[in-house]
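Which chain is which? The protein sequence lines are H and X, in order.
Going by the numbering used here, the letters in the first sequence line up with residues 66 to 1062, in that order.
Going by the numbering used here, the letters in the second sequence line up with residues 43 to 151, in that order.
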Amino acid sequence: MSTRLATGGRRIDRTRPLDFTFNGRPMRGFEGDTLASALLANGQGLIGRSFKYHRPRGIVASGPEEPNALVGLGAGGRFEPNARATQVPLRDGLAAESQNHWPSLEWDLGAVNARLARFLPAGFYYKTFIHPRRFWKHVFEPAIRQSAGLGRPPREPDPDRYEQAYAFCDVLVAGAGIAGMQAALAAARAGLSVWLVEQAPLPGGRAPVDHGAPGAALAAALAAELAAMPNLTLRLRTAAVGLYDHGYVLLDEALDPAAAGGLRQRLWRLRARQVIVATGAIERPLAFPGNDLPGVMLASAVRDYLADFAVSPGDRTVIVTNNDDAYRTALALHAAGLAVPAVLDARPEVTGALPAQVRAAGIRVEPGRGIAAVRGGRGGVGGVAVCLQAGEGAVLEEIACDAVAMSGGWSPAVHLWSHCGGRLLWDEAQALFRPDPDRPPTGADGRAMARAAGAANGALQAVAADARRAAEAVLRALGADPAAAPPLPAEDPPPEAPILPVWVMPQGAGPKLKAKMWLDFQNDVKVSDVELAQREGYESVEHAKRYTTLGMATDQGKLSNINGLAVLAQARGAAIPEVGTTTFRPPWTPVTLGALAGEARGALFQPLRRTPIDPWHAANGADFEPVGLWRRPYCFRRPGEDRAAAVAREVLNTRNRVGLLDASTLGKILVKGPDAGRFLDMLYTGRMSTLPVGRCRYGLMCSENGFLIDDGVAARLDGDTWLCHTTTGGADRIHAHMEDWLQTEWWDWKVHTLNLTEAFAQIAVVGPEARRLLERLGGMDLSRAALPFLHWAEGTLAGIPARVFRISFSGELSYEVAVPAGRGLEFWQACLAAGADLGVMPYGTEALHVMRAEKGFIMIGDETDGTVIPQDLGLDWAIARNKPDYLGKRAQMRPEMTRPDRWRLVGLETLDGSVIPEGAQALGEGTNANGQRNVIGRVTSTYRSPTLGRGIALGLVARGPERMGEVIRLAAPGIAPVAARIVSPVFHDPEGRRQDV
Amino acid sequence: MLLLTCPYCGIAAEETELAPGGAAHLTRAGPEASDAAFDAYLFLRDNPKGPHLERWRHAMGCGKWFLAARDTVTHEVYGTYPAQTREPPAEVVARIRARHPGWSWRSAG
């Protein structure tokens, strides 16, 4: 069992004990512990259950590569699932819980899956899709959905804050081990601005653990020098999680909310001219039977826990390896007074300097040996069965032990290098993939934007020399003088004896043993699964990955990928570089959604646009709805009214007396210049150049595809100036559309455009009493003779400069009055005061919609959806046929656009007066090739009309206008078909008598 | 996250400041165009693996449209230039040819 030793632990402060709980059990650790080290110190070997088979699992690693020790942290809104215990700093009061088990960690019913393993092979999930078909829907899917996913998401909003920040530098160095610090120092000494980021809470990397006092001294000396450089920024607990185009790097910085004003994480968006990838390497597990038991750990992790936290994995640790490096663990355990019963080395001959030291310490070294079985269970390791690596697994000897330290060699952490196109090469001698210096990720100038240094570059031993080389390359790329950076104090250790690649242990293992050799601990993928995938035809590494789910867990296969592809290569009889790696994609470690959202939540999620009259709306019962980024009153509810009642009241009041609409959100684009008329003739389907000054004209805009994109009224202000009204949502889009054509097609035309949407408040005064109300304000002659329908005039109303347009979107007598934005509220209140005895009332967007539908006026986005041309909507009258050209004209001549059976606009009236459901489809005869009912049209707008006292709808129906009076059937999901008659889309005042008075 | 320099205001703009506009140097086909010519103008685009001339708008900046020569494989930027031209400037073509000997624009037709 693991425990805390009496002395040692360079990262812990024994004078500061911290209390925490695991699954409610009180435990104690020290300041400086990680949750993982504290759990081990408390003898907690069993940390969680695996995803598929619910196997008992313990801590394997000591860093971000940890696959097993995922825990839930905290409670309520601060609950965080899937936290890696190896990266969680211990703090007082921390509450951690294990995941993926029921009813308890020790007694988990899901573990029955392990007995069913035979029936849950690789690709099990996909096989359930195939047959029988009904089983997927009724048996497999509910069961799989129920058991899918690790952890559980928090239910409450996160009370902590996350922020994002931007930074720029000449050189970003990712990883503050010896290589990273050397490279950063060289760049800083050359006068460049340098960022050095390290995911761990302290710099130094593996040196203090692997190279003892000299390593620690070197790390400390480098750190001290770095701290003195004013042009260098060092950020700890900050992981470079992604490298993107043109030197863009995402950094995820973990913070302590208590010390950082409630800030939990900061996401840096950094732009670096050059990047040095000094992210180190990750030790590989060995694939031997039972390698997933709690108590089997990476050899490097064992010495990390020993040196950093004074935690022993057990009293007797067997070491199994294929390389020299793991002998450091034997020496560390021995020095701590712990027993190492044997080092099982797969290599037939063991000759290196480190093994010699181990032998000299009296530790038994067994060359050519492997592990055939690990004895024990959820309580931990009890011993190992030794076999020949060369054989099939016959047991030579049983060795009692309570921990196993394994090392299959090291894989450079090439993730960051690979994210943006950096390629890898297979280093046969070291049995690892490392960055190919000739195929680096390249930047905007087509040259290398990143270099790898140290262990990340495959330089597992000659770290310092490699870092120097990388730094010099970066300095040259940035035009700095490498000679300006004096050589650094560092020597690399003597070389180690070569590794023997071992992908399966023992090499001749049969299927039974291979079904117990884990590759991916988190997703439960074994050697047998990868081989099955290969046999079933999944030869590509990308296919095999998805079929087996190897490397698809939250650790993204940091421990398993290389072993998995090597097993696949063996199964295929192919060379490892021939099989290649899967794609390394960002992020390096999971980034919480909170950090990605940053401060963009709640009120800060997006800007809110308010009209100048918004304060009045808010104070007077407005029931707002979002319209683009604007908020507009949907209706103004009075006490006791629901929305429908308020809308009905607003419609009837406007039709019978007078209503006020805040139309300020309407787009207002000024188009001016000698060529403005010619330009607008190209933009609108109608002719705007012939519009007399003082007049208004309704116009349609189409894309080059011929489809309707916007509509609105244009007014000619003077000889070379037009004011074009757009829809609320269209203002910015149409302004950009105009600029696109002006800048990139007709750049020699003399036209300026200006988006004046926010410069004016616009108030529609609508209804039979509208003229009387406005006349009371005084200042302008608004009689029919002075200002007829579709004319505009400028003057003052109530002492406020005003432009008055006689346009109507309701069919009523209507004036739209534009006043300077700053006086909009004043004008609104003047109208309310002047019209009090006339029954004036504000109305909202829904009443606007109902009234326009009663008149058969189209709404962009309701009657149009990007596939509708003006001719579909009976708007041929707004197209100037004799115009030689306009945007969309040629497209509207295409055969598809002139087909006689296109769906065209009609009115729809249910026979029983009911309101047709939104989204209803018009049923046709028969079915299509997929067995689905044919449809002949759809409803585009549907309302209860307060004016007519029944349901009305607009819709697009095949050959609609030719079918007046015909009864069709309309259906929506879950609703019985409704019979409706095809009628004219103009339900109210078809002669237009009410608006032109 | 591309970084493109707006040739009007000189700012090296982040991709989030820019709005993409598809292929550059299209010749508009009007009402007199044949079905085939209009079809080509409206729908048919080169999809080159390599240098691509494309439209960008500095939407969150000066508002101007400009053109960029960008490599679709490596994101190398051979240059950005104002949109008021029917063809890429000679120096941009030269930079592309330095990397892709013999390259000519609209080589695909």
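Glycine included, each C-beta is placed from N, C-alpha and C at the ideal position.
Here the structure is a predicted model, which is why all the values come from computation and not from measurement.
Item	Value
Opening and closing residue of the beta strand (DSSP E) in which H:MET471 lies	468–472
CB-CB length for H:VAL569 against H:VAL469, believed under 8 Å	At roughly 17 Å, the Cβ-Cβ gap does not stay under 8 Å, so H:VAL569 and H:VAL469 are not in contact.
Amino acids of chain H, ordered along the chain, whose beta-carbon sits closer than 9 Å to that of X:THR122	Neighbours of X:THR122 on chain H: none; closest Cβ ~10 Å, over 9 Å.
Local conformation of H:ASN999 per DSSP, three classes	strand
Reference H:TRP333; option with closest CA among H:PRO322, H:ARG302, H:PRO359, H:TRP681	H:ARG302
Neighbour flag for X:GLU118 against chain H, beta carbons, 8 Å	yes
Neighbouring residues, chain H, relative to X:MET43 (Cβ below 7 Å)	TYR309, ASP310, HIS311, TYR313
Element boundaries [beta strand (DSSP E), containing H:GLN986]	986–992
For H:TYR603, three-class secondary structure by DSSP	coil
Cβ shell of H:PHE701 (< 8 Å), same chain only, five flanking positions each side left out	HIS682, ASN685, GLY686, ALA687, ASP688, ALA711, GLU715, MET906, PRO907, TYR908, GLY909
Touching by the beta-carbon criterion (3+ pairs, under 8 Å), the stretch 303–315 of chain H and the stretch 475–485 of chain H	yes
Simplified DSSP assignment, three categories, for H:TRP811	coil
Inter-residue spacing [alpha-carbon to alpha-carbon] between H:VAL539 and H:PRO655	29 Å
Helix, strand or coil at H:GLU539 [DSSP, three-state]	Note that residue 539 of chain H corresponds to Val in the displayed sequence, not to Glu. If DSSP states are grouped into helix, strand and coil, H:VAL539 belongs with the helices.
Interface residues of the stretch 64–90 of chain X facing chain H [CB-CB below 7 Å]	ARG70, ALA71, GLY72, PRO73, ALA75, PHE80, LEU84
In DSSP terms, what H:PHE233 is bridged to	H:ARG336
Spatial neighbours of H:LEU878 in its chain, beta-carbon cut-off 8 Å, leaving aside the 5 residues before and after	VAL831, GLY832, PRO833, ALA835, ARG836, ARG1059, GLN1060, VAL1062
Interface residues of the stretch 468–494 of chain H facing chain X [CB-CB below 9 Å]	CYS485, GLY486
Length of the line joining the Cα atoms of H:ARG762 and H:ALA662	45 Å
Cutoff 8 Å: X:GLY52 Cβ touching any chain H Cβ	no
Segments of 4+ residues assigned as alpha helix (DSSP H) that fall wholly inside the stretch 603–678 of chain H	606–613, 626–637, 641–644, 658–662
Span of the beta strand (DSSP E) around H:MET362	361–363
Euclidean distance between Cα positions of X:SER146 and X:LEU95	11 Å
Same chain, Cβ closer than 8 Å to H:THR719, neighbours up to 5 away in sequence not counted	VAL831, GLY832, SER875, GLU877, MET906, TYR908, ALA912, MET916
Any C-beta of chain H under 8 Å from that of X:ARG148	no
Within chain X, the residues that H:MET958 reaches when beta carbons sit closer than 8 Å	PRO73
C-beta neighbour in chain H for X:TRP145, strict 8 Å	no
H:ALA509 vs X:HIS117 beta-carbon contact at 8 Å	yes
Within chain X, the residues that H:ASP805 reaches when beta carbons sit closer than 8 Å	GLY63, ARG99, TRP107
Distance, H:ARG666 Cα to H:GLU228 Cα	11 Å
Proximal residues of chain X, C-beta to C-beta of H:THR16 below 8 Å	Here chain H covers residues 66 to 1062 and nothing more, so residue 16 of chain H does not appear.
Where the beta strand (DSSP E) through H:MET92 begins and ends	90–96
At least 3 beta-carbon pairs within less than 8 Å: the stretch 692–700 of chain H vs the stretch 748–765 of chain H	no
Which listed residue (H:SER729, H:THR1007, H:MET747) has its alpha carbon closest to that of X:ARG70	H:MET747
Neighbour flag for H:PRO949 against chain X, beta carbons, 8 Å	yes
Residue span of the beta strand (DSSP E) that contains H:GLU57, given as start and end	The question about residue 57 of chain H has no answer here: the residues shown for chain H are numbered 66 through 1062.
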